[in-house]
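Peer 1: Oh and the sequence shown: position 218 is 218 in the UniProt record's numbering, straight run, nothing missing.
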Amino acid sequence: MQFLLPVMQSKIILHDFGLEAIQWVSNELPTIVALISTVVVLVITYALYNIVFTPINRVKDISEVGFWHLKDEAKIRGRKLKEQVKYSRKLQSVGTVPPVFPNGWYCILESRELLPGDVKTVAYVGETFVVFRSQEGEVYVLDAYCTHLGANLGVGGTLKGSCIECPFHGWVFDGKTGECVAVPYSESNKIPAHSKIRKWDSLEQTGWIMVWYHAEGETPQWYPPNVAEIVNGEWVYKGRTEHIVGCHIQEISENGGDMSHLQQIHSPALMAGVDLKNIRSKFWGFGEHTWNATWKEGEAPTAHLAETTLNHQLKLFSKIPLLTAQVKATQCGPALVYLRMNFSFGTGVFIQTATPVGPLEIRMVHLFFTRRHIPTLYTNLLMLGESVMFERDVMIWNSKKYISNPILVKEDRLLARHRRWFAQFYTENSPRLLGVKETLKW
Numbered sequence: 001m002q003f004l005l006p007v008m009q010s011k012i013i014l015h016d017f018g019l020e021a022i023q024w025v026s027n028e029l030p031t032i033v034a035l036i037s038t039v040v041v042l043v044i045t046y047a048l049y050n051i052v053f054t055p056i057n058r059v060k061d062i063s064e065v066g067f068w069h070l071k072d073e074a075k076i077r078g079r080k081l082k083e084q085v086k087y088s089r090k091l092q093s094v095g096t097v098p099p100v101f102p103n104g105w106y107c108i109l110e111s112r113e114l115l116p117g118d119v120k121t122v123a124y125v126g127e128t129f130v131v132f133r134s135q136e137g138e139v140y141v142l143d144a145y146c147t148h149l150g151a152n153l154g155v156g157g158t159l160k161g162s163c164i165e166c167p168f169h170g171w172v173f174d175g176k177t178g179e180c181v182a183v184p185y186s187e188s189n190k191i192p193a194h195s196k197i198r199k200w201d202s203l204e205q206t207g208w209i210m211v212w213y214h215a216e217g218e219t220p221q222w223y224p225p226n227v228a229e230i231v232n233g234e235w236v237y238k239g240r241t242e243h244i245v246g247c248h249i250q251e252i253s254e255n256g257g258d259m260s261h262l263q264q265i266h267s268p269a270l271m272a273g274v275d276l277k278n279i280r281s282k283f284w285g286f287g288e289h290t291w292n293a294t295w296k297e298g299e300a301p302t303a304h305l306a307e308t309t310l311n312h313q314l315k316l317f318s319k320i321p322l323l324t325a326q327v328k329a330t331q332c333g334p335a336l337v338y339l340r341m342n343f344s345f346g347t348g349v350f351i352q353t354a355t356p357v358g359p360l361e362i363r364m365v366h367l368f369f370t371r372r373h374i375p376t377l378y379t380n381l382l383m384l385g386e387s388v389m390f391e392r393d394v395m396i397w398n399s400k401k402y403i404s405n406p407i408l409v410k411e412d413r414l415l416a417r418h419r420r421w422f423a424q425f426y427t428e429n430s431p432r433l434l435g436v437k438e439t440l441k442w
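(1) Spatial neighbours of residue 362 within its chain, please: CB distance less than 6 Å, with the 5 preceding and 5 following residues excluded, ordered by chain position.
(2) In chain order, what residues of the same chain lie with their CB nearer than 6 Å to the CB of residue 389, ignoring the 5 residues before and after it?
(3) Hey, would you say residue 125 sits closer than 7 Å to residue 153, going by beta carbons?
(4) Nearest to residue 338 by CA position, among 319, 358 and 306, is which residue?
(5) Could you tell me if residue 210 is buried or exposed, where buried requires 16 or more neighbouring beta carbons within 10 angstroms of its beta carbon?
(6) Count the other C-beta atoms from every protein chain shown that fall within 10 angstroms of the C-beta of residue 271, then say buried if there are 16 or more, exposed otherwise.
(7) Rounded to the nearest angstrom, what separates residue 332 and residue 304 at their Cα positions?
(8) Name the one or two DSSP bridge partners that residue 352 has.
(9) Should the stretch 365–377 be called in touch with the stretch 318–334, which here means at least 3 C-beta pairs below 8 Å?
(10) Taking residue 279 as part of the beta strand (DSSP E), name the residues at either end of that continuous run.
(11) Using 7 Å as the threshold, is the C-beta distance between residue 227 and residue 241 below it?
(12) For the putative contact between residue 101 and residue 404, defined by C-beta atoms under 8 Å, what is the C-beta separation to the nearest angstrom?
(13) Just to confirm my understanding: we take residue 340, look at its own chain, exclude 5 residues before and 5 after, and list those with CB closer than 6 Å. What are they?
(14) Below 7 Å CB to CB, which residues in the same chain sit around residue 79 once its five sequence neighbours on both sides are set aside?
(15) Which same chain residues end up closer than 6 Å to residue 118 when comparing Cβ atoms and leaving out the 5 residues on each side of it in sequence?
(16) Report the rounded CA-to-CA distance for residue 374 versus residue 36, giving the unit in angstroms.
(17) If you run the structure through DSSP and keep just helix, strand and coil, what is residue 441?
(18) Exposed or buried, which one is residue 103 when buried takes at least 16 other CB atoms within 10 Å?
(19) Does the beta-carbon distance from residue 97 to residue 433 come in below 7 Å?
(20) Are the CB atoms of residue 195 and residue 180 within a distance shorter than 7 Å?
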């Protein structure tokens with residue numbers, strides 16, 4: 001028994017000093033390390049899988065781009081950056097802006113977000129819509145509010161074929177016409193006069209559900225072109241980016257005719273990032289983007305179109321050409337742009353949409369379509385690069401004032417032409433900023 005005495009004494013000492021747990025940890029340490037290592041490997045594998053195989057979905061709120069100069073002030077005042085941005089935007093001078101909702105087609109919902117049988121409500125251009133898809137796949141868009149007592153049909157409303165039933169009292173409205181077709185508790189079965197809900201002209205193409213908005217109530221005067229390669233399946237969805245931008249919608253469109261800003265904002269290398277204060281860092285000076293661009297407006301019967309042509313080249317040390325791309329951007333009305341690209345690995349199209357959430361708050365979405373065989377890793381990097389360039393513009397838009405009578409030089413002549421072209425989308429009753437702010441629509 002004497003040979004067990006040292007072991008027993010050791011256990012007594014461990015117990016007396018509370019060190020038994022340490023011995024247990026020592027014994028289990030390899031298991032814990034293995035567990036942590038497994039978790040780390042799984043996280044890295046998941047991240048790599050998303051980068052290589054999952055189409056990008058980059059979403060940025062208004063406070064996430066271009067407001068880094070407010071970080072110190074937010075810290076001093078004990079606010080989150082988002083709160084400081086909201087406060088600062090209230091004090092921002094916006095200038096004498098044009099009407100806030102131009103006439104045209106607006107993208108209100110992505111097709112993939114509305115499955116057969118789905119009912120959704122969305123609010124844009126000062127209107128609230130109910131959007132629903134029948135089991136046969138047809139899409140209908142109506143005013144959201146029931147003419148009976150104002151319930152939102154998109155909040156609890158149910159599908160009845162091509163009709164929608166109000167969740168409040170069961171009134172039924174036809175998606176094709178907006179007519180009330182049933183009041184279930186009415187003994188006379190008589191439909192009240194003036195119970196019709198507004199039915200919006202809509203179409204579905206290029207991954208979007210769109211509505212026609214016109215301040216004078218006119219029917220569609222033109223339609224967006226479709227993209228044949230998407231229709232025939234040659235090009236498939238490869239990712240998206242989304243940004244909330246704090247400016248007038250015309251400011252975004254004007255970039256198409258503003259050739260001078262390309263050299264100033266978009267020539268520094270992508271790796272220099274978004275913050276305009278730092279993009280000309282000498283560290284990234286070895287890479288430079290060069291641009292050769294033109295813009296022209298359409299003529300009747302396609303006066304609602306405008307076209308920007310861009311020839312892009314990435315150079316090393318301002319001499320060695322590395323990558324080239326050609327972009328033909330066709331703007332269709334005030335809110336829709338098709339950017340057809342020829343790049344190193346093939347061809348594709350960015351579909352850029354600008355939809356006013358409010359008078360000076362625009363939801364910008366880019367959907368990218370290209371050939372199925374092009375690696376997702378490559379398209380993700382391409383979209384990330386496009387997003388960096390776009391966010392440099394967003395930094396300007398989020399803080400600028402609209403100048404209604406700008407001082408221009410000869411080289412700015414395309415800007416003046418662009419403003420004359422864009423003016424066609426405003427009519428007598430197009431909503432003004434002050435009028436929209438004074439209503440409950442904003």
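Each residue gets a CB set at the ideal place from its N, CA and C atoms; glycine is no exception.
Peer 2: Here's the rundown:
(1) The residues are 245, 249, 354 and 356.
(2) 266
(3) no
(4) Scanning 319, 358 and 306 for the CA closest to the CA of residue 338 turns up 306.
(5) buried
(6) exposed
(7) 6 Å
(8) Partner(s): 337 and 366.
(9) no
(10) Note, residue 279: premise wrong, no beta strand (DSSP E); not H, not E.
(11) No, these two residues do not count as a Cβ contact at 7 Å.
(12) At roughly 18 Å, the Cβ-Cβ gap does not stay under 8 Å, so residue 101 and residue 404 are not in contact.
(13) 328 and 349
(14) If we look at residue 79 and ignore the five residues flanking it on each side, it has no Cβ neighbours.
(15) Excluding residues within five positions, the ones whose Cβ falls inside 6 Å are 133.
(16) 36 Å
(17) Any reading at residue 441 must be qualified, since the residue scores a pLDDT of 48, below 50, and its modelled position is unreliable; the value itself is stated next. It is coil, neither helix nor strand.
(18) buried
(19) yes
(20) yes
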